Amino acid sequence: MKKGLLLLMGLLLSVVSVACNNDGSTPKEADAQDIKEKVHAYSVSTNEDEKASITSHELIVTDKGKETTFNLPEDEFFVSIAPYVESTHECAIHSLTGCQGELVEKDFDVHIQDKEGNVVVNETMTSLDNGFIDLWLPRDRTYQVQIKYDGKVVESEISTFKDDNTCITTMQLT
0 MKKGLLLLMG LLLSVVSVAC NNDGSTPKEA DAQDIKEKVH AYSVSTNEDE KASITSHELI
60 VTDKGKETTF NLPEDEFFVS IAPYVESTHE CAIHSLTGCQ GELVEKDFDV HIQDKEGNVV
120 VNETMTSLDN GFIDLWLPRD RTYQVQIKYD GKVVESEIST FKDDNTCITT MQLT
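All residue numbers for the sequence shown refer to numbering that gives the first Met the number 0, where the first residue is 0 and numbers rise by one.
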């Protein structure tokens, strides 16, 4: 009996360790609104002690060397776009606390539609202090994006599938 119980406990410990963060904690669950608020707070944060990045499925926060991950909503994908005129940087995984775009606090006309022609965004949006436009789009789709600014326009295709980029810095306005 003891041998069976020890075997079961060992099996449980190995399963738990596979599903843990680097510090041994499990990814934190939060509802979609909480995660969106947390992501936005890091996007506009000036706190230099905490670092945050976002993959296609997790928000990763590092504070004084301790890493904590938060699962993103299953049906929504975060993407941050930094339209530019003259300068940009290469990026795939968006650093909410580190990436800097060229056009800070500028108004853009943003139009996004899926392959079937359904419009998911059609509004004027203002870039954040970091020069990025943060968006939450439905997952597992491909989109046509058009951004207009100051008489210039850029069009590009993006997608929201597993492991797609969350940082789009390739959209040069011409």
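Glycine is no exception: its CB is placed at the ideal position from the N, C-alpha and C atoms. Everything numeric in this text was worked out from a predicted model, so none of it was measured.
- Per the C-alpha coordinates, the member of Leu58, Glu75 and Asp62 positioned closest to threonine 68 is Leu58.
- Inclusion of threonine 165 and isoleucine 53 in the CB contact set at 8 Å is warranted, their separation being smaller than that value.
- For a cut-off of 8 Å, the C-beta gap from glutamate 122 to glutamine 143 is around 16 Å, too long to register as a contact.
- Membership of tyrosine 41 in the alpha helix (DSSP H) is indicated by the continuous run 31-42.
- Assigned with DSSP and collapsed to three states, cysteine 166 falls in strand.
- Per DSSP, the continuous beta strand (DSSP E) segment holding threonine 61 begins and ends at 57-62.
- Looking at the backbone, the Cα of leucine 134 and that of isoleucine 34 are separated by about 13 Å.
- Comparing alpha-carbon positions, the option among Thr173, Met170, Lys114 and Thr96 lying closest to proline 137 turns out to be Lys114.
- DSSP places proline 72 in the coil class of the three-state scheme, outside both helix and strand.
- In the three-state reduction of the DSSP assignment, valine 152 falls in the strand class.
- The shortest C-alpha to C-alpha distance from aspartate 108 to any of Ser126, Ala91, Lys37 and Leu95 is the one to Ser126.
- Between the alpha carbons of glutamine 145 and aspartate 106 lies a gap of roughly 14 Å.
- In chain order, Lys50 place their CB closer than 6 Å to the CB of threonine 61, counting only its own chain and leaving out the 5 sequence neighbours on each side.
- Secondary structure at valine 103: coil, using DSSP grouped into helix, strand and coil.
- In this structure, Ala31 is the residue among Pro82, Val38, Ala31 and Tyr41 with its C-alpha nearest to the C-alpha of aspartate 74.
- When the beta-carbon positions are compared, serine 55 and leucine 95 stay at least 8 Å from each other.
- Residues Ala81, Gln99, Gly100, Glu101, Leu102 and Val103 of the same chain have their beta carbon placed closer than 7 Å to that of glycine 130, with the five preceding and five following residues left out of the count.
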